[in-house]
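Just so we're aligned, residue 1 is where the sequence shown starts under our numbering, counting upward by one.
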Amino acid sequence: MTGMSEEERLELTRGILNMLDDWEVDAKDQLTLLGMSDVPAREVKRLRESRPLPDDPEIMQRIEHLICIADALRTTYPFSKRMGRMWMHKPNRKFRQRTPVAMMVEDGMVGIISVRSYLDCTFSWDLSGSKA
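(1) Smallest Cα separation from tryptophan 23: which of Ile59, Met88, Glu7 and Lys45?
(2) Hey, could you find the ends of the alpha helix (DSSP H) glutamine 30 is sitting in?
(3) Out of curiosity, what's the CA-to-CA distance linking arginine 46 and threonine 13?
(4) Bridge partners of asparagine 18, per DSSP?
(5) Kindly indicate the opening and closing residues of the alpha helix (DSSP H) around glycine 108.
(6) Could you tell me whether the region 63–77 touches the region 113–124, using the rule of 3 or more Cβ pairs below 8 angstroms?
(7) Which first and last residues belong to the alpha helix (DSSP H) in which tryptophan 87 is found?
(8) Under DSSP, the alpha helix (DSSP H) around methionine 60 begins and ends at which residues?
(9) Starting from lysine 94, trace the alpha helix (DSSP H) both ways and give me its first and last residue.
(10) Is it buried or exposed for glycine 3, if we count other Cβ within 10 angstroms and need 16 for buried?
(11) Using DSSP with H/G/I as helix, E/B as strand and the rest coil, what is arginine 46?
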């Protein structure tokens with residue numbers, strides 16, 4: 001979030017929380033996904049109303065991955081936002097029968113990257129070192 005104005009940071013905060021709401025992720029898990037598991041769940045209300053997320057590189061990295069996951073879901077299910085939400089809550093063999101949301105919450109950044117890699121083949125390809 002470096003270089004962003006307070007208003008831009010607040011807009012990003014609201015956008016990411018709305019996206020997590022669309023995925024039906026509860027407040028405590030939202031904070032965990034953002035790398036803020038030590039913060040009380042009631043803080044989500046303050047973040048929605050008037051407080052931007054902290055200007056922290058790790059939080060920004062998590063946000064970037066989460067936004068890319070949302071983009072990949074929109075590409076995979078272009079005609080149904082509901083299908084993306086359903087996919088996020090469906091147990092997946094690739095994630096040891098856990099849901100993508102559970103994978104991300106339980107495994108932190110590794111889980112977030114795993115879900116993104118599963119949905120975004122170009123990201124997965126870049127991670128594998130297959131660039132020319």
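Using N, Cα and C, we set each Cβ at its ideal position, and we do this for glycine too. Fair warning: this is a prediction, and the values are worked out from it, not measured in the lab.
On the basis of the data shown:
(1) Numbered from its first residue, the sequence shown carries residue 23 at position 23. With distances taken between Cα atoms, tryptophan 23 lies closest to Met88.
(2) Mapped onto the sequence shown, residue 30 falls at position 30. In this chain, the alpha helix (DSSP H) harbouring glutamine 30 covers 27–33.
(3) Counted from its first residue, the sequence shown places residue 46 at position 46. Counted from its first residue, the sequence shown places residue 13 at position 13. Take the alpha-carbon of arginine 46 and the one of threonine 13: they are about 11 angstroms apart.
(4) To locate residue 18, count along the sequence shown from 1; it is residue 18. Partner(s): none; asparagine 18 has no beta bridge.
(5) Position 108 of the sequence shown, counted from the first residue, corresponds to residue 108. In the DSSP assignment, glycine 108 falls within the unbroken alpha helix (DSSP H) covering 100–119.
(6) Flag = yes, the region 63–77 and the region 113–124 touch.
(7) Counted from its first residue, the sequence shown places residue 87 at position 87. The continuous alpha helix (DSSP H) containing tryptophan 87 extends over residues 81–88.
(8) Stepping through the sequence shown from its first residue, residue 60 is reached at position 60. 57–76 is the extent of the alpha helix (DSSP H) around methionine 60.
(9) Counting from 1 along the sequence shown, the entry for residue 94 is found at position 94. From DSSP, lysine 94 is part of no alpha helix (DSSP H); its letter is neither H nor E.
(10) Indexing the sequence shown from 1 puts residue 3 at position 3. Burial state of glycine 3 is exposed, judged by a 10 Å Cβ sphere holding fewer than 16 other Cβ atoms.
(11) The residue given as residue 46 occupies position 46 in the sequence shown. Arginine 46 falls in the helix class under three-state DSSP.
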